[in-house]
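Accompanying notes for the structure given below.
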Amino acid sequence: MREEHEIVLQVQKAQTDSKAADELIQKYLPFIKSETAKFLKYFPDEGQDELSIAMFAFYEAVLSYRREKGTFLKLAAVSIKNRLIDYRRKEQRHMGAVSLDMPDSKEDNRTLGDQLANEKDELEERHYRSATKEEIQEFSAQLETFGLTLSDVADNCPKQERTRLVCMEVLDYARRHPSLLDQLIKTRKLPLAQLAVGANVDRKTLERHRRYLVAILLAYTNGFEIIRGHLKMIKRKEETGR
Amino acid sequence: MSYMVMECHPAYAVVLDENGRFLKVANLNYQVGQTVPSVLEMSPPKKPAFKAIWASVSAAACLGLLVLGGWQFLLTPYGTVRMQINPDVEMTVNRFDYVTQVTGLNEEGSQLVDDYGYSLKKVDQVSNELADRALEMGYLQDGGFVQLTVQSEDSQWCIGTEDRLIAEMSSHLGTAITVSGEPAPETGPSSSGQEIVIPVPSSSEPATETWNPEPPVSSETVPDKPPAISSVPKEDSSVSVNESIPVSDADSNGATDDSYKDDDGSSRDDDDLDDDGSSRDDDDLDDDDSSDEIDDDSDDQDMDTEEDDNNDDDENDNDDQQDD
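Chains as they are written, first to last, in my numbering: chain H, 1 to 242; chain W, 1001 to 1324.
Okay, structure coming up:
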């Protein structure tokens, strides 16, 4: 009984605190593994896709748990099982395909993937990735000065397409008025009033998605070319579409 | 769609998609900075409280629709039963044989159904009760005639309901009052002293055969005849009338026999005639003609005898009709 209460408190804390969620998942990793093993009929390796999905399902269960609905671990078990079933169904479509990770038929340790002609320059790829990583780390460091984490931003991300488009309009307006972006950096505050009037959108909508707006506007300040490049692909499409 | 991995946690990763959305997805051994073509997104959290309200609202709506629909279904007329004594009453019936409406089609009918509560009663009960009321109010007396006409798009239901109602009412009202699906031979309140006979099932077929050709004959040749049609007091006597015909006249006896056998006999003739065909057809036709004539004669004679039997009644009837 006390055990149950403790886990309820932990889960409730993890629902708002991403760090607590990570800890909770580490703590219950054996449970997650055993649930996965029940489904797979063998014990999962560390880093196996099924285990990753089971952990994700456990996290989903943490977020959706409501105390009055029953015990948490039952919910987590069901959630894990359902996600694994979904995953297996999805994978069945590729049953006939050959994995690139399969060992070569010859004696050496190379896989099929290694044998393919490597068109991209691997070195450049690695450089690009590390540059991206650095940029993202800088980005999240900047976000931290706003008191935000990327998890917070993801939670605050507009779910509806309509809302997302409103946010994009605000972004457009801000890009046309770079002084607003400067103001954001300088004051560490979102110039909500100016944005709402300028982009002619409801201020309430902006307030509701304040954290997301901070992140997306921050991405359009100086120094985040790679992130911007990733976003631009669709941005251009939208502009031509209009 | 490609997703840039922004942040990795043990259980999930935060990725940025091309539309600028930040998503939490399953972390399949991603690394920060990696770009992946597809992700396993988090299913949107459910809102059970709202769901419960929604479910109850929709359940209530469904119930309401069901009740309304059922009510509509119950009130939909499936057929009508028209009862003509002299009061002319029409009952609207739904598909479960419950009466949904009763209307008087003439003045007496309106009086008859006035203050009559028909709700939640089946058509059998309503027709019996209306007949009782007609008896009480003096519209219907012993020897009276009740005509039932059932109308519906469902012809099978029509026949079934008519047969059932006739049987039901006949047993309810007794033998003194006749219930039929056919129009009364002589309608109207004038049939006070006179008893109309609808024969018992065994004799019903010959009776209709003999009576059907009558009306034109009676209207053209013998104006006084109509009341004579059903002049015999009781079913027993109607049978006796049919039987009395052959006794009274030998020719008619033979003729009726011929005509009676005609259906069966013709087939026999055909068998015989397979050898040489046409001439005999003519013969047959001749026979038919002659038999018809004889039939007519016999009918006339029947009527004559009946007239003799009920001369007094006939006169009364004629007087009544003239009064009308």
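Glycine included, every Cβ here is placed at the ideal spot set by N, Cα and C.
Per-residue contacts from Arg1021/W into chain H (C-beta, under 8 angstroms)
In chain order: Cys157, Pro158 and Arg164.
Three Cβ pairs or more, each shorter than 8 angstroms: is that satisfied between the region 165–175 of chain H and the region 204–222 of chain H?
The region 165–175 of chain H vs the region 204–222 of chain H: in contact.
Checking 8 angstroms against the spacing of the C-beta atoms, do Leu180/H and Ala174/H come in under that value?
yes
Starting from the beta carbon of Met168/H, find every residue of chain W whose beta carbon is closer than 9 angstroms, and list them in chain order.
Asn1019 and Gly1020
Helix, strand or coil: how does DSSP classify Ala1026/W here?
Three-state result, Ala1026/W: strand.
CA-CA distance, Ser1058/W and Tyr65/H?
The C-alpha of Tyr65/H is placed about 26 angstroms away from the C-alpha of Ser1058/W.
Which of the three DSSP states is assigned to Glu1041/W in this structure?
strand
Output needed for Ala21/H: all residues of its chain with C-beta closer than 7 angstroms, excluding positions within five of it in sequence on either side, in chain order.
Closer than 7 angstroms at the Cβ level, and outside the excluded window around Ala21/H, lie Ala14, Tyr59 and Val62.
Buried or exposed for Tyr1118/W, going by 16 or more other Cβ atoms inside 10 Å?
Only buried fits Tyr1118/W, as 16 or more other CB atoms lie within 10 angstroms of its CB.
Mapping DSSP to helix, strand and coil, what is Thr187/H?
helix
Measuring straight from C-alpha to C-alpha, what distance separates Ile227/H and Ala1060/W?
Ile227/H and Ala1060/W: Cα-Cα distance of roughly 51 angstroms.
So, for Thr1161/W: in the same chain, excluding its five sequence neighbours on each side, which residues have a beta-carbon less than 6 angstroms away from its beta-carbon?
Answer for Thr1161/W: Val1150, listed in chain order.
Check the Cβ-Cβ distances between Ile227/H and every residue of chain W, and say whether any is below 8 angstroms.
yes
Taking the CB atoms as reference points, tell me whether Glu1007/W and Leu150/H lie closer together than 8 angstroms.
yes
Taking the CB atoms as reference points, tell me whether Leu84/H and Ala54/H lie closer together than 8 angstroms.
yes
Please confirm if the region 1163–1176 of chain W is in contact with the region 1112–1127 of chain W, defined as three or more CB-CB distances below 8 angstroms between the two stretches.
Touching, per the Cβ criterion.
Neighbour list for Phe58/H in chain W, Cβ cutoff strictly below 7 angstroms
Listed along the chain, the chain W residues whose CB falls inside 7 angstroms of the CB of Phe58/H are Ala1011.
Of the residues Leu1016/W, Ala1052/W and Thr1175/W, the one placed nearest Asp1002/W, counting alpha carbons only
Checking the displayed sequence, the identity of residue 1002/W turns out to be Ser instead of Asp. Here the closest residue by C-alpha is Leu1016/W.
Counting contacts by CB-CB distance shorter than 8 angstroms, is Asn1325/W in contact with chain H?
For chain W, the structure presents residues 1001 to 1324; residue 1325/W sits outside this window and is missing.
Please tell me whether Ser1038/W has its Cβ less than 8 angstroms away from any Cβ of chain H.
Output row for Ser1038/W: interface = no.
Going straight from the alpha carbon of Ser130/H to that of Arg162/H, what length do you get?
35 angstroms
Between which two residues does the beta strand (DSSP E) carrying Ala1331/W extend?
Residue coverage of chain W in this structure runs from 1001 to 1324, which leaves residue 1331/W outside it and unanswerable.
Which word fits Asn222/H, buried or exposed, when buried means at least 16 other C-beta atoms lie within 10 angstroms of its C-beta?
By the 16-neighbour rule on beta-carbons within 10 angstroms, Asn222/H is exposed.
Range of the contiguous beta strand (DSSP E) that encloses Cys1158/W
Careful: Cys1158/W lies outside any beta strand (DSSP E), inside the alpha helix (DSSP H) at Ser1155 to Leu1173.
Name the chain W residues that come within less than 7 angstroms of Tyr28/H, Cβ to Cβ?
Near Tyr28/H there are no residues of chain W at all, since even the closest Cβ is about 10 angstroms away, more than 7 angstroms.
On the criterion of 16 or more Cβ atoms from any shown chain inside 10 Å, does Asp182/H qualify as buried, or is it exposed?
exposed
At 9 angstroms on the CB atoms, spell out the chain W contacts of Ile53/H, in chain order.
Against chain W, a Cβ distance below 9 angstroms from Ile53/H picks out Ala1026, Leu1028 and Leu1040.
Out of Leu1105/W, Ile1053/W, Gly1064/W and Gly1069/W, which one is the CA nearest neighbour of Thr1080/W?
Per the Cα distances, Leu1105/W.
Hey, Val1146/W and Met1083/W: beta-carbon distance below 8 angstroms or not?
yes
Would you say Leu1120/W lies against chain H (beta-carbon separation less than 8 angstroms)?
no
What does Ile136/H touch in chain W if you count any residue whose Cβ is under 7 angstroms from its own?
Met1006, Val1032 and Gly1033
Given Phe1022/W as reference, the closest of Lys133/H, Glu91/H and Ala154/H once Cα atoms are compared
Nearest option by C-alpha distance: Ala154/H.
With DSSP as the reference, identify every bridge partner of Cys1062/W, one or two as the case may be.
Note: Cys1062/W is not bridge-paired with any residue in the DSSP secondary-structure output.
Count Cβ pairs between the region 1025–1036 of chain W and the region 131–144 of chain H that sit closer than 8 angstroms; are there 3 or more?
yes
Nearest-angstrom Cα distance between Lys195/H and Glu207/H?
Before going further, note that residue 195/H is Leu rather than Lys in the sequence given. Approximately 11 angstroms between the Cα atoms of the pair.
In the region 137–201 of chain H, which residue ranges form an unbroken alpha helix (DSSP H) of at least 4 residues, counting only runs that do not cross its ends?
150–156, 161–176, 178–187 and 192–199
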